[in-house]
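Participant: Sharing a structure with you now.
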Amino acid sequence: MTLQSILEKLSFDSYSRLRDSHSLGIRFGEETMTDLILLELKRFLSPNIKIIQTPKPAEAKTGTDWEWWIGSDRAGWTRYAVQAKKMHSSTLRYSGISQRTGPKLQIDVLDSYAKTNGAVAIYLFYNSPTAKFSEDGWNCCREFDAFQLSCTISPSQIVRPCIHKRGTKNFNWIHNKIESLPWRCLTCTKAKGLVVGAGLESKIIHLVDNPEYQREDSTQETQLAEEVENQPQRRDFNYAALPETISYARQRGVLTDYPADLYDDKVRSYPRRILVLESSEHEEIEDGV
320 MTLQSILEKL SFDSYSRLRD SHSLGIRFGE ETMTDLILLE LKRFLSPNIK
370 IIQTPKPAEA KTGTDWEWWI GSDRAGWTRY AVQAKKMHSS TLRYSGISQR
420 TGPKLQIDVL DSYAKTNGAV AIYLFYNSPT AKFSEDGWNC CREFDAFQLS
470 CTISPSQIVR PCIHKRGTKN FNWIHNKIES LPWRCLTCTK AKGLVVGAGL
520 ESKIIHLVDN PEYQREDSTQ ETQLAEEVEN QPQRRDFNYA ALPETISYAR
570 QRGVLTDYPA DLYDDKVRSY PRRILVLESS EHEEIEDGV
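Heads up: the sequence shown runs through residues 320 to 608, numbered per the working numbering.
Here it is, written out as structure tokens:
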């Protein structure tokens with residue numbers, strides 16, 4: 320199976336699981352959803368999919384559920400810092416978007432981790448079928464498939480306005496943005512470009528300068544712009560080859576420590592798990608890489 324077809328299958332399974340959990344009154348959060356997906360990924364026994372266990376350093380901040388490496392040494396790799404959030408099946412809202420890690424907003428920890436360590440900050444949304452998915456939230460170039468809206472991704476800078484803007488922590492508002500896509504789209508070069516582009520600082524400034532946001536809360540958005548200006552320069556999130564430490568950990572299945580060249584000690588934020596998705600040469604040719 321291709322990486323894209325595997326992600327499609329996982330999204331279909333998540334759709335069925337969330338539908339049944341709602342109808343049967345069984346509640347579980349994003350941690351359970353993520354663990355079930357990890358189990359299914361293991362069951363595929365694909366040589367192109369590797370899950371790496373990570374150490375748990377003391378006093379670390381948790382603002383990153385996953386770290387994804389997607390690509391190959393032929394086409395290059397893109398590194399993603401991923402925060403998972405599950406939609407509430409009754410309210411259809413992502414209440415966890417405003418969650419804090421200590422005194423800091425979780426999204427701030429995620430963005431700081433991504434910028435300092437050289438990754439694209441994205442959210443992975445587990446969406447309940449009770450949202451009654453329609454083509455209004457479909458931004459994929461392929462034919463509409465409601466099952467693929469069960470697992471979607473959106474850049475953190477698309478999600479950030481939801482912290483302060485009322486009526487935005489929901490599927491329709493977030494997925495009305497063209498950068499919000501089925502997670503399978505990260506294996507597509509064209510779609511990946513939308514996600515990566517939205518992760519740049521210029522996107523934040525664009526949102527801040529937009530009168531739509533300034534009318535709501537100009538003070539908070541102006542503060543956001545100032546914070547962006549004061550942040551250190553972003554590290555590149557594209558890698559010509561998989562870093563040696565990650566490559567070695569992929570072979571062993573375990574990362575024994577966090578190398579300083581990939582994980583800045585000043586940020587003190589580390590991923591709970593690392594997923595490496597390697598594309599095949601055939602997939603790259605099909606994608607026009």
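Heads up, the beta-carbon is just placed ideally off N, CA and C, and yes, glycines get one too.
Note that the structure is a prediction, hence the values are computed from the model and not measured.
Here's the rule: buried if 16 or more other CB atoms are within 10 angstroms of the residue's CB, otherwise exposed. What is Q402?
Facilitator: Buried: at least 16 other Cβ atoms inside 10 Å.
Participant: Taking only runs of the alpha helix (DSSP H) that begin and end inside the stretch 418 to 464, which ones reach a length of at least 4 residues, in chain order?
Facilitator: Those alpha helix (DSSP H) runs which fall completely within the stretch 418 to 464 and span 4+ residues are 425 to 436.
Participant: Which of helix, strand or coil does DSSP assign to N491?
Facilitator: Three-state DSSP puts N491 in a helix.
Participant: Compare the C-alpha of L581 against each of L411, S566, K369 and name the closest.
Facilitator: Ranking L411, S566, K369 by Cα distance to L581 puts S566 first.
Participant: Please check the pair Y442 and M406, which I expect to be a contact at CB under 8 angstroms, by giving their CB distance rounded to whole angstroms.
Facilitator: Actually they do not touch by this definition, with Cβ atoms about 11 angstroms apart.
Participant: Check this for me: beta carbons of K511 and T397, under 8 angstroms apart or not?
Facilitator: For K511 and T397, yes; Cβs fall inside 8 angstroms.
Participant: Within a Cβ cutoff of 6 angstroms, which residues of the same chain sit near E602, ignoring the five residues on either side of it in sequence?
Facilitator: Result list for E602: T321, in chain order.
Participant: Whose C-beta lies closer than 8 angstroms to the C-beta of K488 among residues of the same chain, with five residues either side of it excluded?
Facilitator: Within the same chain, K488 has close Cβ partners R412, Y413, S414, I416, S417, C481.
Participant: Name the two residues that bound the continuous alpha helix (DSSP H) containing Q476.
Facilitator: Segment 475 to 478, the alpha helix (DSSP H) holding Q476.
Participant: Could you check where the beta strand (DSSP E) with Y399 kicks off and where it finishes?
Facilitator: Start and end: 395 to 405.
Participant: Of the residues D427, A438, S408, which one's Cα is nearest the Cα of F452?
Facilitator: Among D427, A438, S408, the Cα nearest to that of F452 belongs to S408.
Participant: For a quick check, are the C-beta atoms of S588 and Y399 less than 8 angstroms apart?
Facilitator: Cβ distance not < 8 angstroms, so S588 and Y399 don't count as in contact.
Participant: Touching or not, the stretch 490 to 501 and the stretch 464 to 473, by the rule of three or more beta carbon pairs under 8 angstroms?
Facilitator: With a cut-off of 8 angstroms, the stretch 464 to 473 and the stretch 490 to 501 count as touching, because enough Cβ pairs lie within range.
Participant: Measure the Cβ-Cβ separation of T506 and I371 and say whether it is below 8 angstroms.
Facilitator: In this structure, I371 does not lie closer than 8 angstroms to T506 by Cβ.
Participant: Can you tell me which of L337, I493, T508 puts its alpha carbon nearest to the alpha carbon of R479?
Facilitator: With distances taken between Cα atoms, R479 lies closest to I493.
Participant: At what residues does the beta strand (DSSP E) containing Q372 begin and finish?
Facilitator: Where Q372 is concerned, the enclosing beta strand (DSSP E) stretches over 368 to 372.
Participant: What number of angstroms, rounded off, separates the C-alpha of V576 from the C-alpha of K375?
Facilitator: One detail in the question is off: residue 576 reads as Asp in this sequence, not Val. Going from the Cα of D576 to the Cα of K375 covers about 9 angstroms.
Participant: What first and last residue would you give for the alpha helix (DSSP H) that runs through S391?
Facilitator: Run containing S391: none in the alpha helix (DSSP H); it sits in the beta strand (DSSP E), 385 to 391.
Participant: Whole angstroms is fine: what's the gap from Y334's alpha carbon to S447's?
Facilitator: The straight-line gap from Cα to Cα measures roughly 7 angstroms.
Participant: Is DSSP giving S598 helix, strand or coil here?
Facilitator: The answer is coil: DSSP assigns S598 none of H, G, I, E or B.
Participant: Where do the N-terminal and C-terminal ends of the alpha helix (DSSP H) with T353 fall, by residue?
Facilitator: Per DSSP, T353 belongs to the alpha helix (DSSP H) from 349 to 362.
Participant: Which whole-angstrom value is the C-beta distance of G437 and R362, which I expect to be below 8 angstroms?
Facilitator: Not confirmed; about 31 angstroms, so no contact.
Participant: Taking the alpha carbon of D430 as the point to measure from, which residue in F463, L468, G456, E386 has its own alpha carbon closest?
Facilitator: Closest option to D430, Cα to Cα, is E386.
Participant: Anyone know if the C-beta pair for A560 and D392 falls short of 8 angstroms?
Facilitator: Cβ distance < 8 angstroms, so A560 and D392 count as in contact.
Participant: So, are the CB atoms of L574 and I368 less than 8 angstroms apart?
Facilitator: No, the Cβ-Cβ distance between L574 and I368 is not below 8 angstroms.
Participant: With distances taken between CB atoms, is the gap from S365 to R503 smaller than 8 angstroms?
Facilitator: Their beta carbons are not under 8 angstroms apart, which means S365 does not touch R503 by this criterion.
Participant: According to DSSP, is T410 part of a helix, a strand, or is it coil?
Facilitator: Note: T410 maps to coil in three-state DSSP.
Participant: Taking the alpha-carbon of G558 as reference, which of G572, A394, L337, V586 has the nearest alpha-carbon?
Facilitator: One detail in the question is off: residue 558 reads as Tyr in this sequence, not Gly. The option with the nearest alpha carbon to Y558 is A394.
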